[in-house]
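Here the sequence shown is numbered in my numbering, starting from 21 and rising by one per residue.
From the three backbone atoms N, C-alpha and C, an ideal C-beta is built for every residue, glycine too.
To start, the structure under review is shown below, and the notes come after it.
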Amino acid sequence: MTHEKSPNTTHEFRMAYHDANAELQPIRLLWRILYTLALLALLVLIGLWRSGRIAGAATNAQQSGTPLVLAFYYTWYDENTWNDATVPDLPAIPYASRDRGAMGRQIEQAQRAGIDAFLVAWYGPGGEPNQTESNLAALLDEAAARNFRIGILFETTSPFFGGTGDASAALAHALNVHAVHPAFLRVDGRPVIFFWRPTLWGV
Numbered sequence: 021m022t023h024e025k026s027p028n029t030t031h032e033f034r035m036a037y038h039d040a041n042a043e044l045q046p047i048r049l050l051w052r053i054l055y056t057l058a059l060l061a062l063l064v065l066i067g068l069w070r071s072g073r074i075a076g077a078a079t080n081a082q083q084s085g086t087p088l089v090l091a092f093y094y095t096w097y098d099e100n101t102w103n104d105a106t107v108p109d110l111p112a113i114p115y116a117s118r119d120r121g122a123m124g125r126q127i128e129q130a131q132r133a134g135i136d137a138f139l140v141a142w143y144g145p146g147g148e149p150n151q152t153e154s155n156l157a158a159l160l161d162e163a164a165a166r167n168f169r170i171g172i173l174f175e176t177t178s179p180f181f182g183g184t185g186d187a188s189a190a191l192a193h194a195l196n197v198h199a200v201h202p203a204f205l206r207v208d209g210r211p212v213i214f215f216w217r218p219t220l221w222g223v
């Protein structure tokens with residue numbers, strides 16, 4: 021004998037399944053919404069993490085030992101420099117080193133080229149006419165506004181040094197005044213100063 025479901029039994033089963041499925045629909049929709057929100061939150065966190073790594077790349081390099089890309093930067097140019105026929109190369113945009121607009125533009129160009137910091141040629145704090153002191157101070161401020169770093173190229177042959185005493189006083193000034201600026205380049209917490217011709221004084 022074959023047992024067959026009655027039409028009523030089949031209809032009741034279908035109705036029960038439909039009712040149960042209808043009750044589960046809001047729960048399934050809720051889980052889909054929660055899953056989507058969790059995925060979006062994860063993507064946002066990944067984006068923030070990546071942007072944080074990029075923004076702090078120069079700082080991390082200073083701490084982790086990753087090589088930094090440095091460029092020498094000279095701040096003694098003025099409007100008359102580019103009129104000298106002996107200059108072999110001319111900038112695309114003639115400028116005066118004291119021009120803060122030029123400083124900012126050149127910092128941004130350096131950043132696009134992958135440069136982490138400038139080593140700024142410096143004649144010391146005194147002497148006339150010596151624009152390297154005021155230009156260094158201005159350049160540090162422009163660098164701070166752009167998350168860039170500035171170190172010093174200490175010109176031991178500065179025309180404003182009368183001897184080792186003047187050079188020592190200039191170095192103390194660099195450490196006590198410029199090296200405390202937030203934009204000054206540091207590696208392992210120590211200020212970075214390069215010396216031109218360090219053997220000049222038998223060092």
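Span separating the alpha-carbon of Tyr-115 from that of Thr-86: 33 Å
Cβ-Cβ separation, Ala-91 to Arg-120 (assumed contact under 8 Å), whole Å: No, Arg-120 and Ala-91 are not in contact; Cβ-Cβ is about 19 Å, not under 8 Å.
Residue range of the alpha helix (DSSP H) that includes Ile-213: Looking at the DSSP string, Ile-213 is not in any alpha helix (DSSP H); the run it does join, the beta strand (DSSP E), is 213-216.
Straight-line Cα distance separating Val-212 from Asp-186: 20 Å
Whole-number beta carbon distance between Tyr-97 and Ala-141, since they are thought to touch under 8 Å: Ala-141 to Tyr-97, Cβ: 11 Å. No contact.
Residues near Phe-168 in its chain [Cβ-Cβ closer than 6 Å; skip 5 each side]: Ile-127
For Gly-147, the nearest candidate out of Thr-219, Ala-192, Pro-218 and Ser-178 (CA to CA): Ser-178
Distance CB(Ala-203)-CB(Leu-160) smaller than 8 Å: yes
Chain-order list of residues whose beta-carbon lies under 7 Å from that of Glu-162 (same chain, five-residue window excluded): Arg-120, Met-123, Gly-124 and Ile-127
Where the beta strand (DSSP E) containing Gly-171 begins and where it ends: 169-175
Terminal residues of the beta strand (DSSP E) in which Leu-90 lies: 90-93
C-alpha gap between His-201 and Ile-170, whole angstroms: 9 Å
Segments assigned alpha helix (DSSP H), at least 4 residues, entirely inside the segment 173-212: 184-193
Contact belief for Arg-166 with Gln-131 at Cβ below 8 Å, rounded distance in angstroms: 7 Å
Tyr-149 classed as buried or exposed, judged by whether at least 16 other C-beta atoms fall within 10 angstroms: In the sequence under discussion, the amino acid at residue 149 is Pro, which differs from the Tyr named in the question. Exposed: under 16 other Cβ atoms inside 10 Å.
Local conformation of Trp-14 per DSSP, three classes: For the chain, the structure presents residues 21 to 223; residue 14 sits outside this window and is missing.
Straight-line Cα distance separating Asn-155 from Ser-117: 7 Å
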